[in-house]
Amino acid sequence: MILKKLLLAVIAVLASFNNYFGQEMNNAEIRQLLSQYSITKIKYDKNLLDEREKIVIDKLYQASKIIDEIFLEQVYSKNNDIKAELENKNDENSKLIYRFFKMNFGPFDRINHNKCFYGTLKKPEGANFYPEDMSKEEFESWIKNNPNDKDLFTSEFSVIRRKDTKLNAIPYSEFYIDKLSKAAGFLREASEYCDNASLKKYLELRAKAFETNDYYESDMAWMDLKDNKIEFVIGPYEVYEDEMFNYKASFEAFLTIKDPVESKKLEKFAAYLTDLEKNLPIEDKYKTFERGSESPIVVVNQVFSAGDTKAGVQTLAFNLPNDERVRAAKGSKKVMLKNIHEAKFEKLLKPIAEIVLDESQLKYVTFDAFFNHTLMHEMSHGVGPGFIEVNGQKTEVKKELKETYSKIEECKADILGMYNNIFMVTKGEYPKESVNETWATFLAGIFRSVRFGINEAHGGGNAIIYNFLLEKGGYIYDASTEKVKVDFEKVYPALKELANKILTIQATGDYEGSKALIAKYAVSSPSLEKLRAKLSVLPVDIYPDFEIDEK
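Each number in this note's numbering comes from the position in the sequence shown (counting from 1) with 1215 added on.
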């Protein structure tokens, strides 16, 4: 009798576990979710490398695979349990669900407001960086009552856990010690085969940073990379996953091979960083000239990506490091992923433009305008307010704007991306006819971004731009044709007005102003929703099928 009761209890526990995780979508539903992505082969041309460089690439690939494991843990506390359950299922439906799980790094659909597609789970606002039952008020109250804990608690490189009912901050180097030690080992092995002195130094210092939790020295070394064929960065950087405060950095990696010809073409733009700052549509007292002005620009072809950057929507380019101390000393590096741009333009942007844009403006949608906007978007992350002063206290924009920072910063970079492209026309770097291409290509691009979800930083930032410029007449929606177009006369002054609002919010650390702007404009307005719905026949984004994985 006791054994029977015990057996029934075990069965009940297993059933509840399966019900908790395993309310599966049917085959048609999961295939529909998978169809949101156009699987794209990302080739790896080994002929560009010598034998030692091939070994370096392999070691860096192995290190990057570990970053996938760390990020999976950062996203959601139950991810490894769900992963184990799905791996043990052999039916076709479960295999499809597992594929989508890996694409999203969890059971939450990233381009559908994190809706759970496996069970009835709800993604915590703070991901797995904080205790799931911790509120924002509890965290802020703890810091208020324990001011000496503030630096470590708000550090980008710590997780918060409960210990004896009290909150406790644990450095990444301690919390992820097993995985980071393995990754550091691969970086050191790669450095042994690395003949480029600057890359060798970076790999050794980044391996050390995984053990010390101090990334400053290795970030400085990354900025100093030169004559390197392999362009590689690995570590905790972006804070988007932490939707509670935007404090905690997620791990990611980019493994790429430099395109020397295209990189050479863009070198001239690095010299404009100070001019871009001077030209900002904001009061001079808010402009920042203390940042370093090196600002290298590199064009690469991606070989592999890992962690945060691979989850859901794919990155077109990146601007790192985010440490304002490094930016003050050296600026930041802009890395353009050429093969990803080419894939997104052909598979996404051109088809989107044909559906949403007025026919008279389709001729202005060009690859050059798409690529140039990304360049200026990344350069624009490196201008504007960074370190600021609020109520007499020195602080940073991201610390003051909290969870609103990511949307506001991405919105700023896109606004200034257009604004600075027009500036480059006045400087003679782009032809005059590219002005209309700048406006029309970005308008089509808005609908590429908002499909990622308005709750997501880039999508939300683009919704702000669309709705504000529509309100000011810079964009015109025709309800009879269900098409949208640019008013080439009104768009620039409207954009300049929005740029001033965003930059002033950042410069003054105006958290309430930031929340109000997002509440008003980061919304799915009627015309935005109508046009977005028409795009349901198209994939939302590409997803990489890395050739290097095939080995």
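Ideal Cβ positions, reconstructed from N, Cα and C, are used throughout, including at glycine.
Residues near residue i by beta carbon distance below 6 Å, same chain, minus five either side
i: GLY1668; result: ILE1326, HIS1328, GLY1674
i: ALA1436; result: LYS1416, TYR1417, LEU1420
i: ALA1672; result: TYR1455, SER1621, LYS1622, GLU1625
i: ASN1234; result: Caution is warranted here: a pLDDT of 40 is assigned to ASN1234, below 50, making its placement in the model unreliable, and no coordinate value can be reported.
Close-in-space but distant-in-sequence residues of the same chain around residue i (CB under 7 Å, 5 per side omitted)
i: THR1581; result: GLU1652, THR1656
i: ASP1410; result: ARG1267
i: ILE1449; result: ALA1278, SER1279, ILE1282, ARG1421, ALA1468
i: TYR1431; result: ASP1538, ARG1540, VAL1541
i: SER1751; result: none
i: PRO1451; result: GLU1371, PHE1372, TYR1387, ALA1464, SER1465, PHE1466
Pairwise C-alpha distance: residue j and residue i
i: GLN1289; j: PHE1320; result: 9 Å
i: LYS1493; j: LYS1502; result: 7 Å
i: ASP1756; j: ARG1747; result: 14 Å
i: TYR1259; j: ALA1464; result: 29 Å
i: GLU1302; j: ILE1312; result: 10 Å
i: ASP1499; j: THR1719; result: 11 Å
i: PRO1386; j: LEU1685; result: 45 Å
i: PHE1354; j: ASN1305; result: 43 Å
i: TYR1645; j: ASP1583; result: 10 Å
i: LYS1423; j: PHE1372; result: 15 Å
i: PHE1315; j: ASP1490; result: 45 Å
i: ILE1661; j: GLU1482; result: 28 Å
i: ALA1337; j: PHE1323; result: A quick correction: the sequence has Lys, not Ala, at residue 1337. Going from the Cα of LYS1337 to the Cα of PHE1323 covers about 8 Å.
i: ILE1603; j: LEU1616; result: 12 Å
i: GLU1426; j: ILE1285; result: 15 Å
i: GLU1352; j: GLY1522; result: 29 Å
i: GLU1744; j: VAL1515; result: 35 Å
i: LEU1287; j: LYS1525; result: 11 Å
i: ILE1512; j: GLU1458; result: 30 Å
i: ASP1693; j: HIS1588; result: 26 Å
i: SER1510; j: LYS1480; result: 15 Å
i: ALA1543; j: HIS1556; result: 30 Å
i: ASN1262; j: VAL1271; result: 14 Å
i: ILE1257; j: LEU1535; result: 23 Å
i: LYS1647; j: SER1433; result: 41 Å
i: MET1162; j: ALA1399; result: The shown model of the chain, from 1216 to 1766, leaves out residue 1162, and the question about it has no answer.
Nonlocal neighbours in the same chain, by C-beta distance under 8 Å from residue i, ignoring five residues either side
i: PRO1754; result: SER1250, GLN1251, TYR1252, SER1253, LYS1562, LEU1563
i: ASN1383; result: ILE1375, ARG1376, ARG1377
i: LYS1274; result: PHE1401, LEU1402, GLU1404, ALA1405, TYR1408
i: ALA1714; result: LEU1495, PRO1496, ILE1497, LYS1627, ILE1630, LEU1631, TYR1634
i: ASN1295; result: LEU1287, GLU1288
i: GLU1446; result: LEU1440, PHE1469, THR1471, ILE1472, LYS1473, VAL1513, VAL1515, VAL1550
Counted within 10 angstroms of its Cβ, other Cβ atoms place residue i as buried (16 or more) or exposed
i: GLN1529; result: buried
i: GLY1688; result: exposed
i: PHE1504; result: exposed
i: GLN1517; result: buried
i: GLY1341; result: buried
i: GLY1724; result: buried
i: GLU1380; result: Looking at the sequence itself, residue 1380 is Thr, so the reference to Glu does not match. Label assigned to THR1380: exposed.
i: ARG1663; result: buried
i: THR1610; result: exposed
i: ALA1659; result: buried
i: LYS1559; result: buried
i: GLU1704; result: exposed
i: LEU1577; result: exposed
Residue i - containing beta strand (DSSP E), residue span
i: LEU1552; result: 1548–1552
i: PRO1761; result: The residue you asked about is not Pro; residue 1761 is Phe in the sequence shown. Per DSSP, PHE1761 belongs to the beta strand (DSSP E) from 1756–1761.
i: ILE1449; result: 1445–1451
i: TYR1252; result: 1252–1257
i: ARG1376; result: 1373–1378
i: PHE1519; result: 1512–1522
i: GLU1604; result: 1602–1605
i: ILE1691; result: 1690–1693
i: ILE1385; result: 1381–1386
i: ALA1535; result: The question names Ala, but residue 1535 in the sequence shown is Leu. Segment 1532–1535, the beta strand (DSSP E) holding LEU1535.
Residue i, enclosing alpha helix (DSSP H) - first and last residue
i: ASP1393; result: 1392–1407
i: PRO1475; result: 1475–1481
i: VAL1612; result: 1612–1616
i: TYR1313; result: 1307–1319
i: VAL1699; result: Element bounds for VAL1699: not the alpha helix (DSSP H) but the beta strand (DSSP E), 1698–1701.
i: ASN1294; result: 1294–1302
i: THR1589; result: 1582–1596
TODO: Inspect the CB distances between the region 1469–1485 and the region 1341–1360 and report whether three or more fall short of 8 Å.
DONE: no
Task: Stretch-stretch touch, CB-based, cutoff 8 Å, three pairs: the region 1433–1446 with the region 1404–1424 - done: yes
Task: Sufficient close CB pairs (3 or more, under 8 Å) joining the region 1679–1686 to the region 1595–1603 - done: no
Open item on the list: When you compare the region 1623–1633 with the region 1704–1717, are there three or more beta-carbon pairs, one atom per stretch, that lie closer than 8 Å?
Closed with: yes
TODO: Would you check if there are 3 or more beta carbon pairs closer than 8 Å linking the region 1568–1575 to the region 1453–1468?
DONE: no
TODO: Please confirm if the region 1725–1744 is in contact with the region 1541–1553, defined as three or more CB-CB distances below 8 Å between the two stretches.
DONE: no
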